[in-house]
Each structure stands twice: as structure tokens, then as C-alpha cells.
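Trainee: Those protein sequence lines, which keep their order, are chains A and B.
Using this note's numbering, you'd call the opening residue of the first sequence number 10 and step up by one each time.
Using this note's numbering, you'd call the opening residue of the second sequence number 14 and step up by one each time.
Glycine residues also receive a C-beta, built at the ideal position from the N, C-alpha and C atoms.
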Amino acid sequence: MSESVKLDRDEVLKIARLARLELDDAEVALFQDRLGRVLEYVRELNQVKTEKGASVKHVPRDAVSIREDRAIEFVDREALLSNAPAQIEDHFLVPTVIEQS
Amino acid sequence: MSLRDKYEAVIGLEVHAQLLTESKMFCGCKNAYGAPPNSQICPVCTGQPGTLPVINQFAVELGVRAALAIKAEIHQESIFARKNYFYPDLPKGYQISQYERPFCTQGKITIGLSDGSEKEIGITRIHFEEDAGKNIHKGDHTQVDLNRAGVPLIEIVSEPDMRTAEEAGQYLRTLRTLLRYANVTDGDMEKGNFRCDANISIRPRGQKEFGTKVELKNINSFKFVEKAVDYEIDRQIRATETGEAIVQQTRGWNSAKNVSEVMREKEDAHDYRYFAEPDLPPLVLSDKWIDEIKSELPELPDQKKARFESEYGLSGYDAGVLTASRDLANYYEGVAGASKDAKTSANWVMNELLGRLNAAGKDIVETPVSAKNLADLISKVQSGAISGKIAKTVFEEMFATSKTAESIIEAQGLKQISDPSALEPVVRKVMEANPGQVAGYKAGKVKLLGFFVGQVMKETKGQANPGLVNDIVKKLLDS
């Protein structure tokens with residue numbers, strides 16, 4: 010097992026802010042450790058020799074990824090709307106966003 | 014020395030243009046403006062788990078057209094990337110865009126300036142991306158319409174090559190004209206289909222390093238591009254002169270107040286953590302396909318202007334005015350083709366039609382006078398059926414009522430009188446009424462000829478054929 014990595018408090022808070030999460034002090038401490046373990050795992054992966062293998066950054070080049078420009082109506086929009094926690098006037102309802110203006 | 018002489022502004026523009034496709038960038042939902050809320054959505058563009066994006070081939074073709082129009086380098090392989098941020102109008106939590114390897118780099122366009130000079134503006138890159146949905150704010154809540162989410166966009170990023178508000182305005186107009194000619198976008202700024210952000214900084218003239226740049230957003234009408242850029246340049250100069258540091262920030266143009274204001278930043282907005290989109294393979298554009306698109310590219314403004322000069326014998330200025338938009342150029346070609354008189358057609362379109370359209374706030378596509386009807390009017394002047402002067406009256410009526418020249422001439426009895434036997438009595442009447450002038454003419458005041466012609470025209474309410482009147486007056490006075 011490699012030495013343990015621990016994120017500092019500010020790093021955790023920054024990531025939480027980007028993810029729009031509010032963490033209390035106990036949670037910050039928890040994630041300092043947990044996110045550190047994610048980094049450790051990635052460091053472990055980095056040790057694998059991959060020079061000879063093919064790139065796996067993308068799906069294969071010959072995958073079907075292009076289509077003709079033709080509109081196809083999706084009929085069950087109610088299902089999509091009802092997948093959200095709340096709806097109003099055929100819109101997705103979300104907490105107030107303070108728009109930059 | 015004014016402060017404007019002391020400083021130089023450096024301006025670069027980022028333009029987002031919606032592509033004229035039938036469907037969205039990565040799914041089959043319709044790409045159309047103004048539909049009922051959330052009527053053009055599906056599992057892909059609403060970010061449902063387990064869905065995969067599939068690239069719209071025609072969107073790619075339109076992007077390639079744009080790249081060809083700006084004479085840019087097109088890359089055979091480009092890569093889609095995820096731009097990560099959280100906002101309610103972005104259901105996946107990331108926008109599919111292109112980052113490190115866009116499909117197009119190093120383009121340029123030439124803009125014309127009011128002093129008659131031209132300037133080349135570099136274009137750094139064009140990349141594909143998908144649009145976000147729309148957040149609608151209703152006081153105590155926000156609601157989201159995802160019809161626009163996933164609509165195909167190209168973002169066109171210029172080099173920081175512009176130095177004045179005029180250059181920025183002309184760049185935006187020229188780019189829009191070019192993209193509209195190539196049928197890439199409808200360029201409608203009011204609908205948000207063509208959007209512009211400006212990066213603006215100032216530096217003392219002569220200094221090589223750039224100053225701190227401010228990003229100006231919400232320039233969503235051609236009416237205030239120049240005004241917004243000018244305001245921001247002045248604001249930065251004033252701040253610098255009073256010893257205030259320019260802060261790197263995003264400001265929004267408030268068109269109601271004519272000022273730029275600091276925008277509330279999305280926190281860490283630039284911490285997008287881009288990475289290659291694992292759901293899409295690299296975008297590969299073969300030379301063969303690019304050549305095909307090139308061969309089908311519509312005639313672009315520069316080519317059309319050159320053709321108008323050579324084919325119709327128009328001046329550079331006239332050709333420029335008439336090719337300002339493809340619709341106007343098509344209209345002109347319709348008139349010139351039917352009337353078989355290119356120069357006269359140009360004069361009618363530019364002097365009579367465009368002036369009236371501008372005054373009425375109408376675009377050429379809304380003209381009440383069709384190209385065929387205008388050509389008929391021009392033909393009637395050429396054949397001598399009506400005089401040039403009457404033609405203007407008829408045109409006014411055509412513009413007001415959309416009627417044909419023929420029906421107006423018929424209804425108002427405006428046909429030119431070209432029958433000598435009808436005109437001779439009128440000339441005799443005028444001579445009898447003005448014996449003094451007759452005597453004067455006979456005594457050698459030949460200039461009085463014009464007086465008689467004028468009187469006859471007045472008697473006939475301008476309907477007499479002026480050349481014929483001239484001949485008859487001369488004949489009768491000299492006899």
C-alpha cells in the first residue's frame with residue numbers, strides 16, 4: 010500500500026463548490042480522506058505500462074457516431090418531465106437561480 | 014492630445030452561431046425556434062442516464078462551410094471535449110464542446126471601414142458545441158425549457174486584431190453576412206441565434222504587452238455593438254487615468270441604461286475541467302468530403318461583388334451595396350434579368366426601393382414591389398409608354414399598394430402621350446397664350462424653347478413624351 014494522500018480543506022471546499030454541494034466540517038474531514046483515496050487509486054493506475062496498448066480515451070473510431078440530419082419526435086415528453094422532482098407549466102421547476110445580469 | 018490618442022484598445026470577439034439544421038447536434042429532436050416549452054426534448058438532450066450522443070452529419074457540413082468561407086485550415090481529425098459546470102439549463106452537467114483540438118483554425122476575413130480602407134482580421138478557431146436550454150426566472154422560482162438544449166452551434170473566436178469599436182462592428186457584420194451567404198446560420202441576433210461576447214483591454218499606445226482584459230457579454234443586437242465596445246474602452250481609460258486598476262472580470266451590456274455592469278460571476282466559472290468526450294470517437298473529415306462541400310459552397314459575397322462588377326458593369330460601390338445580403342443580390346438579379354438594363358435596375362433598386370424600405374423599417378424580403386413588377390416598370394420607361402417622371406409616381410403607388418405598374422397606369426390614365434396629333438393642339442394653345450415669349454423666341458432668345466416645353470408638360474400633367482414635345486415646339490416656333 011502506498012503512502013496515504015490527504016487533500017487539504019480548501020481543496021475539498023473548492024471541489025464541493027464546483028459540485029454545488031454544501032459540506033459541514035465533519036463532511037469536509039471525511040472527503041479529505043475519501044478524495045485522497047481516489048487520488049491514490051489513480052496513482053496506482055499510473056504505474057501500469059500502457060505505451061504499447063491502444064488509446065482508450067475514446068470509443069473506437071469505427072463506432073457509429075454520425076447520423077443523417079433528420080428530426081425524429083420523441084413522443085413521451087411527460088416521462089421526461091416526470092423524471093424531474095418538480096414541474097410547472099410544462100417546465101422543469103428548479104430553485105431560484107440568481108441570474109447574472 | 015485626447016485620451017483616446019494616448020491609449021489603444023485591443024478587441025477580440027467570440028461569436029456563437031446556431032446552425033441551420035433540421036435536428037439537434039447529438040439527437041433527433043427538432044432544431045426550431047419558438048415551439049411550446051419542452052416540446053422538442055428527448056432522453057439524450059435532457060441528459061437521461063444511459064443515453065449516447067450521435068453526431069449530426071449536416072451540422073458538421075455547415076461547420077466546414079463556415080471554415081471554407083473564412084479561408085481557414087480544416088483539421089482531418091478533431092476531438093470533442095466535455096466542459097463541466099452545473100447550471101439548471103445544462104441537464105448533463107457538462108456541455109459537449111471542442112477544446113484542445115478544434116476542427117478549424119487560422120481563418121481570416123477582410124472588413125471594410127468608413128474611411129474606405131480595408132483590414133484583415135484573423136480568426137483563431139472555430140469549434141462545434143451544443144447550446145444550453147433556457148432558464149426562465151419568475152420571482153420565487155426558476156423554470157427550465159430544454160428545447161434549445163443540444164441545438165448545434167459553432168463558436169468563432171477572433172484574434173485580438175481589432176482596435177476600434179467600428180472595427181468590431183464591421184467584423185461582426187461581415188462575419189454574419191458571410192455565414193448567411195453560406196447558409197450556415199440565419200444570424201438572427203434578436204432570437205439569440207447569433208450571439209457575441211467581446212474581450213476588451215487597453216494599453217498605452219506603443220506598448221507591446223496587452224492590458225488586463227474584460228469580457229463584455231450580452232451584446233445581442235447590431236444596434237449596440239459599437240456603443241457597448243466604445244463605452245467599455247472609455248470606462249477603462251477613465252479608470253486607468255484616475256489610478257484605478259483594471260480588474261479582470263465579466264461585464265454585461267445593459268442596453269436600457271447604456272452602460273456595462275459587473276456580472277455576478279458564476280463561482281469558479283473557468284474551472285471547467287475539460288476532458289476528451291469518452292462517448293464520441295474523434296471527428297474525422299476526409300479530404301474527399303471537404304472537397305465535395307467546397308464544390309457545393311454557394312457564391313460568397315466577394316465573388317458575387319466581383320461578378321456584379323464584371324457581368325453588369327456596376328461600380329465597386331454599387332456592387333457592394335447590392336451584395337450586402339444574398340436576398341438583396343437575388344432581388345437585383347431578378348430585376349436586371351427581366352428588364353435587361355443592369356445599370357438602370359441598379360439605380361431603381363438603390364435609389365428608390367432601398368430608401369423606401371429603410372424608411373418603412375422593412376427588409377428586402379418584405380418588399381411590396383416584386384422584382385418582376387419593378388422590371389416591368391423599368392421596361393415601360395424604356396419603351397416610352399410612360400415618362401421617367403411619371404414612373405416615380407407610379408413606383409410610389411406600387412410601393413404603397415403592391416399593384417403592378419400596368420394596373421396603376423391604366424387606372425390613373427398615366428400613359429405617355431406620344432401621338433403628335435394629340436400634342437400639336439396643346440402646343441398651339443400654349444403659344445397663343447404666350448405671345449410675348451413667342452416674339453422673344455423669334456427675335457433670337459432660343460432658350461425660351463425650354464419654357465414652352467415646360468408649359469406643355471404642365472398642361473398634360475407630365476404625360477407628354479418630352480422628346481416629342483421638344484420637336485413639335487421647335488417645328489411650330491420655327492415655321
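Taking C-beta pairs closer than 9 Å, name the residues in chain B that Pro-104/A reaches, listed in chain order.
Mentor: On the first sequence, position 95 is the one that residue 104/A refers to. Within 9 Å Cβ-Cβ: Pro-101, His-154, Thr-155.
Trainee: Does Phe-39/B come out as helix, strand or coil in the three-state DSSP assignment?
Mentor: Working through the second sequence from its first residue, we reach residue 39/B at position 26. Three-state result, Phe-39/B: coil.
Trainee: Using a Cβ cut-off of 7 Å, pull out every chain A residue sitting near Glu-35/B, in sequence order please.
Mentor: Within the second sequence, numbered from 1, the residue matching residue 35/B stands at position 22. Going along chain A in sequence order, the residues near Glu-35/B (Cβ under 7 Å) are Asp-78, Arg-79, Ala-80.
Trainee: Is DSSP giving Ser-110/B helix, strand or coil here?
Mentor: Residue numbering aside, residue 110/B sits at position 97 when the second sequence is read from its first letter. Secondary structure at Ser-110/B: strand, using DSSP grouped into helix, strand and coil.
Trainee: Using C-beta distances below 6 Å, list every residue in its chain close to Leu-16/A, excluding the 5 sequence neighbours before and after it, in chain order.
Mentor: Taking the first sequence and counting its residues from 1, one reaches residue 16/A at position 7. Excluding residues within five positions, the ones whose Cβ falls inside 6 Å are Gln-41, Leu-44, Gly-45.
Trainee: Mind checking which residues open and close the alpha helix (DSSP H) that includes Phe-465/B?
Mentor: Translated into positions along the second sequence, residue 465/B becomes position 452. 462-472 is the span of the alpha helix (DSSP H), which, as asked, contains Phe-465/B.
Trainee: Which bits of chain B does Ala-25/A rub up against, with CB to CB less than 7 Å?
Mentor: To locate residue 25/A, count along the first sequence from 1; it is residue 16. Within 7 Å Cβ-Cβ: nothing; Ala-25/A doesn't reach chain B, min ~11 Å.
Trainee: Just mark Pro-294/B as buried or exposed, buried being the case when its beta carbon has 16 or more other beta carbons within 10 Å.
Mentor: As a working mapping, residue 294/B is identified with position 281 in the second sequence. Pro-294/B should be labelled buried.
Trainee: Tell me where the alpha helix (DSSP H) around Gln-249/B begins and ends.
Mentor: On the second sequence, position 236 is the one that residue 249/B refers to. Run containing Gln-249/B: 238-254, per the alpha helix (DSSP H) assignment.
Trainee: With 16 as the cutoff for other CB atoms within 10 Å, does Ile-81/A come out buried or exposed?
Mentor: In the first sequence, the residue the question calls residue 81/A occupies position 72. When all chains shown are included, Ile-81/A counts as exposed.
Trainee: Contact between the segment 16-31 of chain B and the segment 211-227 of chain B is defined here as three or more beta-carbon pairs at a separation below 8 Å; is this criterion met?
Mentor: yes
Trainee: For the segment 429-436 of chain B and the segment 450-457 of chain B, state whether three or more C-beta atom pairs, one from each stretch, are separated by less than 8 Å.
Mentor: no
Trainee: Is there a Cβ from chain B that is less than 8 Å from the Cβ of Asp-99/A?
Mentor: Taking the first residue of the first sequence as 1, we reach residue 99/A at position 90. Cβ-Cβ to chain B under 8 Å: yes for Asp-99/A.
Trainee: Is the CB of Asn-371/B under 8 Å away from at least one CB in chain A?
Mentor: Looking up residue 371/B in the second sequence gives position 358. Asn-371/B is outside the set of residues whose beta carbon lies under 8 Å from a beta carbon in chain A.
Trainee: Could you pull the start and end residues of the beta strand (DSSP E) that Phe-207/B belongs to?
Mentor: Position 194 of the second sequence, counted from the first residue, corresponds to residue 207/B. 207-217 is the extent of the beta strand (DSSP E) around Phe-207/B.
Trainee: Once DSSP output is grouped into helix, strand and coil, what is the label at Leu-120/A?
Mentor: Residue coverage of chain A in this structure runs from 10 to 110, which leaves residue 120/A outside it and unanswerable.
Trainee: DSSP three-state label for Lys-289/B, please.
Mentor: Residue mapping note: residue 289/B aligns to position 276 of the second sequence, counting from 1. First, the amino acid is wrong: residue 289/B is Ala here, not Lys. Correct three-state label for Ala-289/B: strand.
Trainee: Any beta-carbon of chain B closer than 8 Å to the one on Asn-92/A?
Mentor: Taking the first residue of the first sequence as 1, we reach residue 92/A at position 83. Taking Cβ atoms only, chain B reaches closer than 8 Å to Asn-92/A, which makes this a yes.
Trainee: For the alpha helix (DSSP H) containing Asp-305/B, list its first residue and its last residue.
Mentor: Here residue 305/B is taken as the residue at index 292 of the second sequence, counted from 1. At residue 305/B the sequence reads Glu, which differs from the Asp that was named. Its alpha helix (DSSP H) spans residues 300-308.
Trainee: Name the chain B residues that come within less than 8 Å of Leu-89/A, Cβ to Cβ?
Mentor: Within the first sequence, the letter at position 80 stands for residue 89/A. Here the neighbours are Asn-51, Ile-54, Cys-55, Pro-56, Thr-59, Gln-61.
Trainee: Where does Asp-376/B fall in DSSP's three states?
Mentor: Start at 1 with the first residue of the second sequence, and residue 376/B comes out as number 363. In the structure shown, Asp-376/B sits in coil (DSSP, three-state: anything other than H, G, I, E or B).
Trainee: Going straight from the alpha carbon of Met-175/B to that of Tyr-285/B, what length do you get?
Mentor: As a first step, residue 175/B is located in the second sequence; it is residue number 162 there, counting from the start. As a first step, residue 285/B is located in the second sequence; it is residue number 272 there, counting from the start. So the two alpha carbons sit approximately 28 Å from each other.
Trainee: CB Met-276/B to CB Thr-263/B, shorter than 8 Å?
Mentor: Stepping through the second sequence from its first residue, residue 276/B is reached at position 263. Stepping through the second sequence from its first residue, residue 263/B is reached at position 250. Taking 8 Å as the Cβ cut-off, Met-276/B and Thr-263/B qualify as a contacting pair.
Trainee: Quick one: is Ile-167/B near chain A, going by C-beta distance under 8 Å?
Mentor: On the second sequence, position 154 is the one that residue 167/B refers to. Judged by the 8 Å Cβ criterion, Ile-167/B is not in contact with chain A.
Trainee: Tell me which same chain residues have a C-beta within less than 6 Å of the C-beta of Glu-280/B, skipping the five on either side of it?
Mentor: For the purposes of this step, residue 280/B is identified with residue 267 of the second sequence, where counting begins at 1. At Glu-280/B, the pLDDT of 48 sits below 50, so the modelled position is not reliable and the matter cannot be decided from this model.
Trainee: Could you tell me whether the Cβ of Phe-83/A comes closer than 8 Å to any Cβ of chain B?
Mentor: Reading the first sequence from its first residue, position 74 is the one you call residue 83/A. True, the Cβ-Cβ gap to chain B drops below 8 Å.
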